[in-house]
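Numbers given in my numbering equal positions in the sequence shown, counted from 1, plus 1303.
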Amino acid sequence: MSRRAGFAYAAGGFRFLQVLSLLVMAVALLATNESRAEGVTGVTELYSVPSSWYQLRTVEIVCYDATHVAIAWRNEPDSVEHDRGDIMFKSGSSADGGATWTWSATQYMKQSDSTASYVNVVMYNESGTLYAFIGKSNPISNPDPGTSVNVCMKSTNMGVSWTPQAITNSYTGHMALGGHIVKSGTTYFMPFHASGTQGFLKSTNLINWSLAGIVPNPEDVSLQEGFLVVSQDNPNHLICKMRVKVTDGGGLGYAYSSISTDGGTTWSNAIKDLELPNWGVKGCLYKDSNNQYVYLYNTEDDRETLYYKTRAPGKPWKAGRPFTSNTLAGKDCYAMLSEYAPGKYYALWENSYHNVYFGKLDVSDAITTQDVMDTDWNNLTGWTVSPGSGLAEISPAGQLHLKSTTASVASVLKNVGPTTSFTLDMRAQVSDHTSTAGISLGTKIIAGTRRLMLDFKTDGVYSMVGSATTWSRVFTQAGDTAWHNWRVTVDAAGVARLYQDGGQSLASWSIQSPYVNTNPLFQHWVEGVSGNGCEARIDWSTVSEGVVANDFVDLVGLTVAAGGGTVEISPASQLHMRSANNTNAEITVPNGPGTTAPFSLEFRAQVNAYTANAPATGVSLGLKVHNGAKRLMLAIQGDGVYSVLSGGSAWVKVYNTTNDTNWHVWRVEVDASGTARLYRDGGPQLASWSIQADTGYARFGSWVKGSSTSPAEARLDWVKVN
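Rendered as structure tokens:
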């Protein structure tokens, strides 16, 4: 069975942990520059509903291009008929590539009167003409909302003004819009929901609409706000993800999923998607220009915080990450996105039903972020293979086969490992268990100062807990010979959670810590006992998330060597390093990008005090990335940026600067040939050079080195290596 089938659509997923890791909070809302890789930036409050209205709801956003957007929402006059009101809009423009924005005054797109009120609005950009489709209902004075019909407004001036556009719709049933319009081939699809039913309108010109199909609902939950995408795997298939109504207690916690293989006419039964959390709140699904899924959602029904997940083609869903943080008070929900560049979105969402917030979500790097270790076990190239007296081989094709007939270890290992927070996914079978004294199927992951130890024994799953160096049973279950999908998530605090075959969490515990080891490590092994061997097979193994992603909220997971200087978090969420005694004050993360792919280093830093210009005698701010094949050495000095070039060992200046104590966002991109390209603050390329060869283990480090007469001092706000 392939890994891809194991994560197909709605079936057989895993429930997401609500907050996986502080270490990967690349969504810090105070980030100041778009060039930071993955995350949310530029968060701005655009509107707060005046007291003349009760509240606002159902925001929507559409890009005209990368520097012009239109937004809309519904203002509601009272708490009785709170799903109807006036449709408002603003247009925005940016003269600096989207860094800052100028917004028009708030205006009516459709205003309620004695004849009608208005419900939700959905917008679409067709070759520079913007369309807004709006649900029309009875006037507010009528307690019966009535059967909604859709009206249309059109803008030909980038959303600055809107005029009526006549449309037809042969479907006369009740409908409420909520998702976004998707074009598949020559057909446009508009999702709608009504009385717990999810359906789709279709059109070939955005003017004349008819019913495409309805999603069967065997679980009899109330389906609402479906979001449609064209399948990553088959351009002729359509996928819809829907939330269910808050009152449907049995359906809460997950989105529901359906697929159409015939152009939207017929749909599969709506079933829970255990990969996609949803708590009775509108959650939006998109597919970007990189063929990557992006999903925004709330994890609890309190609607306090939004999260997002991504899924690259042929890969599992990545773990969720915060979209809004607790620094933004109130309820955040009903987010909508509009892509302005591949993997880059403008975002709009509601805050506490009274405010409209705008920001930018960048997931363009997420699709290329390397898994720490990801193998389908097609071969053992790059692995240290130790069969002992048994077997460690590929057999049959695409499976790792481990067998021990005596008290000896059959093992494969590699010196790769994650940062302190990570996810292990594996599909495995133990066909022959040994006694509890042996190892029926062991897995070891070393992550900084922590070590995850796992064994799938005859009576359950074992691990080493906390500071213990002996095995403890963390989950009781009779061992069997069936294939199982296992997932273990480990958060920044070192708490592991165990999942099997897409079910709920089975157990949680603190993994072994502290653990001192010079190298990261991933290992699978078996070890029988005398007279009782064991045998196991593994179909695929993956360790993910990002290679290095640190916002420096603490020093957890960092190897710290102050050398008589200072290495600390000061102020909050900044790494402060100072040296005045000719020794390094440094940190090391025992992990780095893989040897066979390009990588990038991106960081926000400030040099507070420059030491001597030449890095040979002092380093004002140094950074290094090893990937086992190449080594990037970087030093930001008073007179420029230095590196060590291919074939050399001395520092060479690659870019001229002056003693600059401002904060800057630096980015270095290294291609597969080892050519590095330097960027600052999202600007054009500043320099390029070839970096050194490397034979060491993968890791990241940063340091300063100054003297008593010329100290070195710097701060890092965040760093990311992909």
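Quick reminder that beta carbons are idealized off the backbone N, C-alpha and C, glycines included.
By the Cβ test, the stretch 1525-1532 is in contact with the stretch 1585-1605, since at least three Cβ pairs between them sit closer than 8 angstroms. Shown here for S1775: same chain residues with a beta carbon closer than 6 angstroms to its own, the five before and five after excluded, namely V1768 in chain order. Contact between the stretch 1597-1606 and the stretch 1633-1643 is present: three or more C-beta pairs spanning the two stretches fall below 8 angstroms.
Cβ neighbours of R1753 within its own chain (closer than 7 angstroms, five residues either side excluded): T1723, G1797, I1814, Q1815, S1816 and Y1818.
Separation of the CB atoms of M1391 and Y1411 is rounded to 6 angstroms, and the pair is thereby assigned contact status at 8 angstroms. Under the three-state reduction of DSSP, K1486 is assigned to strand.
In the displayed model, P1446 falls within coil according to three-state DSSP, outside both helix and strand. Short of 7 angstroms from the beta carbon of V1733, and not among the five residues preceding or following it, lie these beta carbons of its own chain, in chain order: S1743, L1744, F1759, G1782, T1784 and A1839. Of all C-beta pairs linking the stretch 1880-1895 to the stretch 2009-2024, three or more are shorter than 8 angstroms, placing the two stretches in contact.
The alpha-carbon separation between N1445 and H1385 amounts to approximately 13 angstroms. By the Cβ-count criterion, D1381 is exposed, with fewer than 16 other Cβ atoms from all chains shown falling within 10 Å of its own Cβ.
For L1904, DSSP records a beta bridge to V1971 and V2024. The stretch 1563-1581 and the stretch 1533-1553 touch, with three or more beta-carbon pairs separated by less than 8 angstroms. If you look at M1767, you'll find it isn't in any beta strand (DSSP E); DSSP assigns it neither H nor E.
At a cut-off of 3 residues, the continuous stretches assigned as beta strand (DSSP E) that sit fully inside the stretch 1727-1757 are 1742-1750. By the CB criterion at 8 angstroms, V1968 and L1664 fall outside the cutoff. The shortest C-alpha to C-alpha distance from W1652 to any of G1345, P2014 and R1360 is the one to R1360. Approximately 7 angstroms separates the beta-carbon atoms of S1946 and I1994; this is inside 8 angstroms, confirming the contact. Taken in chain order, the complete beta strand (DSSP E) segments of 3 or more residues contained in the stretch 1908-1944 are 1922-1929 and 1933-1940. In the DSSP assignment, H1371 is bridged to D1368 and S1396.
Listed in chain order, the non-local C-beta contacts of I1697 below 8 angstroms within the same chain comprise W1680, N1681, N1682, L1683, L1703 and H1704, local neighbours out to five positions each way being set aside. Just so you know, the alpha carbons of M1493 and I1484 end up roughly 5 angstroms apart. Of all alpha-carbon atoms in S1473, L1509 and S1354, the one lying nearest the alpha-carbon of H1657 is that of S1354. A straight line joining the alpha-carbon of G1941 with that of T1914 spans about 7 angstroms. Relative to I1437, the option among T1403, G1481, T1459 and D1416 whose CA is nearest is G1481. T1891 has T1862 and G2004 as its beta-bridge partners, per DSSP. For G1867 and F1825, the gap between their C-alpha atoms comes out near 34 angstroms.
Under the three-state reduction of DSSP, I1542 is assigned to strand. In the DSSP assignment, D1665 falls within the beta strand (DSSP E) that extends over N1658 to D1665.
L1861 and I1890 have their alpha carbons spaced roughly 6 angstroms apart. By the beta-carbon neighbour count (other beta carbons within 10 angstroms, threshold 16), A1888 is buried. Under the DSSP assignment, A1695 falls in the beta strand (DSSP E) whose first and last residues are L1694 to I1697. Under the 10 Å beta carbon count, E1642 is surrounded by 16 or more other beta carbons and is classified as buried.
The C-alpha of G1462 lies about 19 angstroms from the C-alpha of A1644. Here A1419 has K1439, S1440, N1441 and P1442 as same chain residues with Cβ atoms under 8 angstroms from its own Cβ, once five neighbours each way along the sequence are excluded.
The alpha-carbon separation between Y1350 and V1659 amounts to approximately 5 angstroms.
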